[in-house]
Amino acid sequence: MTRGYRWIGGIGYILLLIPFVNFIGSILVAIAWIMAGGDTKQGIFKATGVLMITVMALSLVLVATLFPFMGVMMGQDLWGVTPSLPPDMFSYLYGALGIFLIIFAVMAVLGIVEWILELVSHFRAASVYNVKWFRRAGWMRIITIITLVGALVFLLTQIFSLISMGPFSIDPSKIINLIWTFISILIIPAVFHLLSLIFSAISFFTIPETFVKEPPSPSELPPPL
1 MTRGYRWIGG IGYILLLIPF VNFIGSILVA IAWIMAGGDT KQGIFKATGV LMITVMALSL
61 VLVATLFPFM GVMMGQDLWG VTPSLPPDMF SYLYGALGIF LIIFAVMAVL GIVEWILELV
121 SHFRAASVYN VKWFRRAGWM RIITIITLVG ALVFLLTQIF SLISMGPFSI DPSKIINLIW
181 TFISILIIPA VFHLLSLIFS AISFFTIPET FVKEPPSPSE LPPPL
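Read in order, the letters of the sequence shown correspond to residues 1 to 225 in our numbering.
This is the structure:
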């Protein structure tokens, strides 16, 4: 049986590297994991793909809930004057804001779960397919999170040290230097994230094309004639 999803997943992870088409890459990656689950009977692969599609659908709904706010902010006449809103509009906007926050919270939780499942799927795939690139891609994801957490801890530490100096004794140049330092540090997890996507693409491309059937055990051999 030919494993066509190896090309779907590899191309999908490559598209994740390209802006404006990374959404298509996410769809292809999700389809590849679902197909890999059906091929290898690994439920965690299917769960990873399904959760990816769920998070993408919630992201579209999240963007749709922003339209009422965008309509109000852009609702100006030709003279640049914002028209007065009817009283019912405020209750509608508050309701839309509540829906936005709920969807955002659900998507954040599912996004974390999806990241964990994708990580575990990479290590599982390394054993199922005997492809070491999956394991390398998984380690790149772990290093990405470690470096990102380290960068955030550094930022919070510096912010608290500035606050302890008092609001009137803070030099604006120190704030600017802190921002640039934090941006420079973020380059490290960004590089590891890019490497994780590249390794994932290589992993799918190097999946064996067909099943490799193991020889039957002596107990499964037919009795001699």
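We put the beta carbon where it would ideally sit given N, CA and C, even for glycine.
None of the values given here were measured: they were computed from a predicted structure.
- Message: Buried or exposed for G43, going by 16 or more other Cβ atoms inside 10 Å?
- Response: Translated into positions along the sequence shown, residue 43 becomes position 43. With fewer than 16 Cβ atoms within 10 Å of its Cβ, G43 is classed as exposed.
- Query: So what does DSSP say about Q158, is it helix, strand or coil?
  - Reply: Against the sequence shown, residue 158 aligns to sequence position 158. Helix.
- Query: Quick one: any contact between the stretch 5–24 and the stretch 190–207, if contact means 3 or more CB pairs under 8 Å?
  - Reply: These segments touch.
- Query: If you drop the 5 nearest sequence neighbours on each side, which residues of the same chain put their C-beta closer than 7 Å to that of S291?
  - Reply: Residue 291 lies beyond the range of the chain shown here (1 to 225); nothing can be said about it.
- Query: At a cut of 8 Å, does the stretch 27–45 reach the stretch 111–127 through at least three beta carbon pairs?
  - Reply: Touching, yes, given that three or more Cβ pairs across the two stretches are closer than 8 Å.
- Express the C-alpha separation of G98 and V50 in angstroms, rounding to a whole number. Residue numbering aside, residue 50 sits at position 50 when the sequence shown is read from its first letter. Residue numbering aside, residue 98 sits at position 98 when the sequence shown is read from its first letter. Inter-residue distance for V50 and G98 is about 26 Å (C-alpha atoms, whole angstroms).
- Item | CA nearest to the CA of T54, picked from I112, I18, R6 and R3 | Position 54 of the sequence shown, counted from the start, is the residue given in the question as residue 54. It is I112.
- Message: Just to confirm before moving on: does the CB-CB distance between A30 and Y5 stay below 8 Å?
- Response: If you number the sequence shown from 1, residue 30 lands on position 30. If you number the sequence shown from 1, residue 5 lands on position 5. Contact: no.
- Message: Let's test the definition: count the other Cβ atoms within 10 Å of the Cβ of S173 and tell me whether it reaches 16, buried, or not, exposed.
- Response: Mapped onto the sequence shown, residue 173 falls at position 173. By the beta-carbon neighbour count (other beta carbons within 10 angstroms, threshold 16), S173 is exposed.
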